[in-house]
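**Student:** Chains as they are written, first to last, in full-length UniProt numbering: chain A, 1 to 355; chain B, 1 to 355; chain C, 1 to 355; chain D, 1 to 355.
To start, I am sharing the structure in question, which I have written as structure tokens.
4 protein chains.
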Amino acid sequence: MSAQKLKIGCAGLGRMGKRHALNFLERTPRAELVAASSPDDAELEWAKVHLAPYGVKLYKNYDDMLKHEGLEAVVVASATAVHAEQAIKAIDANKHVLCEKPLSTSVEISQTVLDAAARKPELKVMCGFSRRFDASYRDAHKKMTQGSIGSPSVMRSQTCDKLDPTGFFVAYAEFSGGIFVDCSIHDIDLALWFFGQDSKVKSVSAVGITAVEPDLRKHNDRDNAVGLVEFYNGKIAYFYASRMMAAGQEDTTEIIGTQGKLTVNAQPAMNLVNIFDNTGVRREIPQHYYDRFEYAFVTEANEFTASCLDNKDVPLKLEGAVQAVRIGSALQESLITGQKIFFDEAGNRVDKPRL
Amino acid sequence: MSAQKLKIGCAGLGRMGKRHALNFLERTPRAELVAASSPDDAELEWAKVHLAPYGVKLYKNYDDMLKHEGLEAVVVASATAVHAEQAIKAIDANKHVLCEKPLSTSVEISQTVLDAAARKPELKVMCGFSRRFDASYRDAHKKMTQGSIGSPSVMRSQTCDKLDPTGFFVAYAEFSGGIFVDCSIHDIDLALWFFGQDSKVKSVSAVGITAVEPDLRKHNDRDNAVGLVEFYNGKIAYFYASRMMAAGQEDTTEIIGTQGKLTVNAQPAMNLVNIFDNTGVRREIPQHYYDRFEYAFVTEANEFTASCLDNKDVPLKLEGAVQAVRIGSALQESLITGQKIFFDEAGNRVDKPRL
Amino acid sequence: MSAQKLKIGCAGLGRMGKRHALNFLERTPRAELVAASSPDDAELEWAKVHLAPYGVKLYKNYDDMLKHEGLEAVVVASATAVHAEQAIKAIDANKHVLCEKPLSTSVEISQTVLDAAARKPELKVMCGFSRRFDASYRDAHKKMTQGSIGSPSVMRSQTCDKLDPTGFFVAYAEFSGGIFVDCSIHDIDLALWFFGQDSKVKSVSAVGITAVEPDLRKHNDRDNAVGLVEFYNGKIAYFYASRMMAAGQEDTTEIIGTQGKLTVNAQPAMNLVNIFDNTGVRREIPQHYYDRFEYAFVTEANEFTASCLDNKDVPLKLEGAVQAVRIGSALQESLITGQKIFFDEAGNRVDKPRL
Amino acid sequence: MSAQKLKIGCAGLGRMGKRHALNFLERTPRAELVAASSPDDAELEWAKVHLAPYGVKLYKNYDDMLKHEGLEAVVVASATAVHAEQAIKAIDANKHVLCEKPLSTSVEISQTVLDAAARKPELKVMCGFSRRFDASYRDAHKKMTQGSIGSPSVMRSQTCDKLDPTGFFVAYAEFSGGIFVDCSIHDIDLALWFFGQDSKVKSVSAVGITAVEPDLRKHNDRDNAVGLVEFYNGKIAYFYASRMMAAGQEDTTEIIGTQGKLTVNAQPAMNLVNIFDNTGVRREIPQHYYDRFEYAFVTEANEFTASCLDNKDVPLKLEGAVQAVRIGSALQESLITGQKIFFDEAGNRVDKPRL
């Protein structure tokens, strides 16, 4: 006899795909990874060693995987460009979907996933914003909800990557949607989570530079950018994104309320070790976002699984994923044009600030 | 087709037993929890809900569990008083054994486990000192081994529990072996790990008080104790153990070398959140040792499993477990008699210090 | 026999005036406070107790003090509204001048002090930006200059006051020039110091809210504001100013370079004490800016004195004080109008961003 | 007219003498440094440049300085060997005395200073334990007194110097009284301050090593030592002293009470700067005790001066200085003999522990 498990397949076996596949295989007790797909031969070779021996069926073609006998859910962890298409196909095939962020770098395409999901209300469709599953962010959110800081009013949040000396992120920028859509999307999602999912944007403005990679300009991107977002509910958020941190990944958030402040990761640390030597007192910090958020992804896999099996709401609404791309795109536009962008309360662009 | 898994049974389903059972069930991909035993009906009721549905066979009697078809290994997580007996029975039944610390509060009984294991060199027998599996301690040990701090010379280490206002630890003290055997055993094991498993004790001395629970005196125990251990290799360790921390669990270690120092958990923190309010800047800390060492136990389960399946040495030698009890017992004796205790290099007690 | 001392008078004996007077009296060995003036009787009463017994002559009228026999220098610590007038009178009377910031909330009036100083190049005229004298900021600046972080590219800096529950800052806002001119002026000065005094502004934009004091709006001010400043040298700075911190004064700065980052006061602390209790681990932080910067003011007094006595350049150029007011005023305007403001390289306003 | 100032002379112009002289000259407004003495020509040359121009009369002979017209007080900052003699001479000449710690490395000689002071109750005689004047230690003491941690029960305190690669401390050890008398004396004084000046010692035991300077053994000293002190009031203190810190001066104290814990300097830091680079996040720490305690010495000078001028009790009792040497000497003896030492409640040595 055995308890029911969610039969899930993993689409894409790149860097994130491998992690999702292993998390569903090894660290999600109520799920059973039954299938995985990738068009890439090297990725499939990896899967033959790490997934197949545990009963995972491998597919070169995503559409074939969707037909896998008994498949109930799909985690879409492929290239961003095909997120929306694969998610919609899965929905149409009556599978629950956990889709890596973003649904798409385009607001319109993101919306098509929402539309597809709306047609199948019985399915669980979730876009994975990992920070929502991080224990520290959750603790901060709970404390805020309990009133620890009065009314939350100002958010500062940053997503800052360690400098990749290979400059890989230049080529990557061609399809990433830009630094605000690729990095700050997490911070934007946090603002919506902490300020309320119905917060309406009043204005956005942004500036940026290319301090280390001037070539980013050809893809309309920057390596450091700061953005301001003003909401109609009297709250403001400001974001910093960077590709050039020296010490490691620095994803920090502050929520400032009328009676207090909460910080998350204001003092980054890899672990609990400090080294005292003739240079002073030192600690190491996470090198990449997965170092920092590994267990958030595990929690995400488990909670998505529970939502499907127990027919409960997924922990975050799909609408938010479109909203975050909308704000990120506006910030990216402001970054490139240098113009501040104004919105009315209905979300339409207007020429002048509403005072 | 499926990769081979280690069939393991869990002896004891108390606080730690439940955790070990769930870790082998859910978070040890290469193991299969096939059986669990407890003489306690309430514990078995819990197991009917949390283990049985996943195919785990339950036994009221440990000896019966040992006869479970195909059982290859046992995790002994019962009361300390039966650790040694159950471990030896498992060894005699040709099972690999992961035994919770300590093997016994008695040096002599601990030694009988070693003797049993020596008769079956093909079996993996390990006593679980959780800190050996903690990422921070491992990082510190690696850095020391790589020479970051020159020659390690002095260790400060403490195991300090949050005050349990129920005073449960008074009754517990009757069988715990005392605060040095129950708490400082971890710090002693760390000293042996960092200074070398062959470090020979030259002297021990200890003092202690009952600041919150005078009743501990009837069990020859104290609620706060400090011990000094001097080794023949020119190194010293000093330990603090307490039952009355106000903020939470505070297990801190410093390793001071001739060219630097490593600290582990000198600034305890539950997570990455800081709260700024009108009392200042505040963070919460782990409340119990499992809050702090949860993932160390998961790693322990996985590495023990890998040792069994791949026929590799277990990560820590069983001899150390006896050695740690020997030092802990001497410290406890010094704590109670008030006398300093001296040893010659062969480990025999002598009357006077060797200078 | 005695070494020469600088004979100095203090104009204004309000909160800052008292501090400057006492610093020159007690903590500036090479200066001699010979005179002090205030139109306020209560302030003069204070001075009769704390200054007069040590030989300080008191004046109700500033102009009279300027005629004090042998007076060589004046520290202007009166209300902001008379800073410029008193500074110019002192210059015209051939006194060295240390003027509290800002010279004026008006760019034009600030400039008149510069003009006056330019006519008397033999005099030392300095506007006191206290952070330039703070040991931590100086250490950070030195490390940056030595190349620790590569090329400085992005600055984040904030000046955040503890909430004053009396709401005094509402009345104060009538004359303060607004939160960017009153608070962020320090951060702006830091940006000029770290990025180069000749950094030319390309654009400014700002948003703000009144989270705790809606009445600030009648003085065209806000209680929380964020501003972005873009420079023509490819650097950006972003500032946060607030009147509603719960824990205390939080003045924090980060300088992000192409190869590293320096933070100043990212983990504020009043002293070296931590309190562990059942709420967690806690530390207190400075309550007001003088708690934080007391010794910077002492250093300022001593270095200004040395400049006068030894005929050396003052540590910071007077031009910067006008430049900082110019940027602060533009940010304040953007905060109120909601419009982004653009400049050409000559400092003239233009309609559109220069891309 | 001028307020009365305390006319003080400084005996000794070595490292600490220079600091005391300058503190009384420049940073003690109510004192006037009128004289200084040193038998050392190089020190007198320094004084001709730094003290004489400000009206300080220099003496090669201490006895001559004592006859300086109008001299009211003496700060004894000479070599430890002459502390007691000079202090007694000053007392006999009716001068107030601030004497650097320790009065002497001998308990008996220390007592003679007490006896001399007892004969002149109108004089202020103080032994300067700098930590008593440090803002952080005072804050911790105040919090303890206010009940923040319940009943203080256990103290951990360490005085750890940065390794001096010249090995100067080997020669220094000949006269220092040993590491417990020279370094831990501060921690011992803290224990008496926090536990009560009337705390009676029940036992002491100590162990130590020579990890970096074996030559210390010829002076009966060690470079790392740990000591345990048990008091009759049910409190315990444990001390660590070291000469081999790599990062800088690390003087840390924890006071553990029945309801909380206070730490002082558990996270040492030179200033508020953090450096993020490819080695991680780093801060520098004080290099020497004066870096750490500079302002404590200034406070000490000012409070001693106020006690003399206002005829108030000095902030710490002279008896404590003898008591601290007594405990330090016993620890040093235990360190060398390897024996634990026991006392009865009257302070007499006994053979066995009192249980």
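C-beta: ideal position from N, C-alpha, C; glycine also.
Spell out the partners DSSP gives A:Met126 in its beta bridges.
**Tutor:** Its beta-bridge partners are A:Leu98.
**Student:** Could you compute how far the alpha carbon of C:Arg217 sits from the alpha carbon of C:Ala79?
**Tutor:** Taking the straight line from one Cα to the other gives about 22 Å.
**Student:** Tell me, which residues are paired with D:Gln158 by DSSP?
**Tutor:** Per DSSP, D:Tyr240 and D:Thr252.
**Student:** Please go through the same chain and pick out, in chain order, the residues whose beta-carbon is closer than 6 Å to the beta-carbon of B:Thr263, but skip the five residues on each side of it.
**Tutor:** Counting only Cβ-Cβ distances below 6 Å, and skipping sequence neighbours, we find Glu254.
**Student:** Can you find a C-beta in chain D that's less than 9 Å from the C-beta of B:Gln339?
**Tutor:** Yes - at least one Cβ of chain D is within 9 Å of the one on B:Gln339.
**Student:** Consider the Cβ of residue 381 of chain B: report whether some Cβ of chain A lies at a distance smaller than 9 Å.
**Tutor:** Absent from the structure is residue 381 of chain B, since the part of chain B shown begins at 1 and ends at 355.
**Student:** Can A:Tyr240 and A:Gln323 be called in contact, C-beta distance under 9 Å?
**Tutor:** No, they are not a contact pair.
**Student:** Decide if the region 107-125 of chain D is in contact with the region 204-221 of chain D; the criterion is three or more beta carbon pairs, one per stretch, under 8 Å apart.
**Tutor:** Touching, no, given that fewer than three Cβ pairs across the two stretches are closer than 8 Å.
**Student:** Kindly provide the ranges of any alpha helix (DSSP H) runs that are 4 or more residues long and lie completely inside the region 29-107 of chain A, ordered along the chain.
**Tutor:** Counting only runs of 4 or more, we get 41-50, 62-66 and 80-92.
**Student:** Helix, strand or coil: how does DSSP classify B:Thr263 here?
**Tutor:** DSSP places B:Thr263 in strand when its eight states are reduced to three.
**Student:** Where does C:Cys308 fall in DSSP's three states?
**Tutor:** Three-state result, C:Cys308: helix.
**Student:** Starting from D:Ala225, trace the beta strand (DSSP E) in both directions and tell me its first and last residue.
**Tutor:** Start and end: Asn224 to Phe231.
**Student:** Taking only beta-carbon atoms, is D:Met1 less than 9 Å away from chain B?
**Tutor:** Residue confidence is low: D:Met1 scores 38 on pLDDT, short of 50, so the model does not pin down where it sits. Its coordinate-derived value is still stated next. No, its Cβ sits nowhere closer than 9 Å to a Cβ of chain B.
**Student:** Is it buried or exposed for B:Arg27, if we count other Cβ within 10 angstroms and need 16 for buried?
**Tutor:** Flag for B:Arg27 reads buried.
**Student:** Of all Cβ atoms in chain B, is any one closer than 9 Å to the Cβ of C:Glu213?
**Tutor:** So, not an interface residue.
**Student:** For a minimum of 3 consecutive residues, which ranges assigned as the beta strand (DSSP E) are wholly contained in the region 288-350 of chain B?
**Tutor:** Taking only runs of at least 3 residues, the beta strand (DSSP E) segments lying wholly in the region 288-350 of chain B are 341-343.
**Student:** Check for me: the beta strand (DSSP E) holding A:Ala211 runs from which residue to which?
**Tutor:** Note, A:Ala211: premise wrong, no beta strand (DSSP E); not H, not E.
**Student:** Near D:Met1, what residues of its chain come up, given a Cβ to Cβ distance below 6 Å and the 5 sequence neighbours on each side ignored?
**Tutor:** Its pLDDT being 38, under 50, D:Met1 is placed unreliably in this model, and the coordinates cannot settle the point.
**Student:** Here's the rule I'm using: 16 or more other beta-carbon atoms within 10 Å means buried, otherwise exposed. How should B:Gly347 be labelled?
**Tutor:** Exposed: under 16 other Cβ atoms inside 10 Å.
**Student:** Taking A:Leu262 as the query, report the chain B residues whose CB atoms sit under 9 Å from its CB, ordered along the chain.
**Tutor:** Near A:Leu262 (Cβ distances below 9 Å), the residues of chain B are Val273, Asn274, Ile275 and Phe276.
**Student:** How would you write the range of the beta strand (DSSP E) that B:Ala11 sits in, first residue to last?
**Tutor:** Segment Leu6 to Ala11, the beta strand (DSSP E) holding B:Ala11.
**Student:** Does the pairing of the region 281-292 of chain D with the region 226-240 of chain D give three or more beta-carbon distances under 8 Å?
**Tutor:** Verdict: no, contact absent.
**Student:** Quick one: is B:Pro268 near chain A, going by C-beta distance under 9 Å?
**Tutor:** B:Pro268 counts as touching chain A.
**Student:** Provide the residue(s) that pair with C:Pro152 in DSSP beta bridges, ordered along the chain.
**Tutor:** BP columns for C:Pro152 point to C:Gly257.
**Student:** Work out the CA separation of B:Ala116 and B:Asp92 for me, nearest whole Å.
**Tutor:** Each residue's Cα considered, the two are about 7 Å apart.
**Student:** Counting only beta-carbon separations shorter than 9 Å, does B:Glu284 have a partner in chain C?
**Tutor:** So, interface residue.
**Student:** Please classify A:Val107 as buried or exposed, where buried requires at least 16 neighbouring CB atoms within 10 angstroms.
**Tutor:** Answer is buried; the Cβ neighbour count reaches 16.
**Student:** So, for D:Leu316: in the same chain, excluding its five sequence neighbours on each side, which residues have a beta-carbon less than 7 Å away from its beta-carbon?
**Tutor:** Taken in chain order, the residues that qualify are Met126, Phe129 and Arg132.
**Student:** Go ahead and pull the three-state DSSP assignment for D:Ile285.
**Tutor:** Coil.
**Student:** Give the DSSP-derived three-state secondary structure of B:Lys18 in the structure shown.
**Tutor:** Note: B:Lys18 maps to helix in three-state DSSP.
**Student:** Is it the case that the region 41-51 of chain B contacts the region 61-81 of chain B, given that we only count it when at least three CB pairs across the two stretches are under 8 Å?
**Tutor:** Touching, no.
**Student:** What separation, rounded to the nearest whole angstrom, lies between the Cα atoms of C:Val273 and D:Leu272?
**Tutor:** Between C:Val273 and D:Leu272, the C-alpha separation is close to 15 Å.
**Student:** From the DSSP output, which residues share a beta bridge with C:Val273?
**Tutor:** D:Val264.
**Student:** On the DSSP bridge assignment, give the partners of A:Met245 in chain order.
**Tutor:** According to DSSP, which records beta bridges pairwise, A:Met245 is partnered with A:Lys162.
**Student:** Could you tell me if D:Glu345 is buried or exposed, where buried requires 16 or more neighbouring beta carbons within 10 angstroms of its beta carbon?
**Tutor:** Exposed: under 16 other Cβ atoms inside 10 Å.
**Student:** Going by CA-CA distance only, name the one from C:Asp41, C:Gly55, C:Ala42 and C:Trp193 that's closest to C:Ile8.
**Tutor:** The residue with the shortest Cα to Cα distance from C:Ile8 is C:Gly55.
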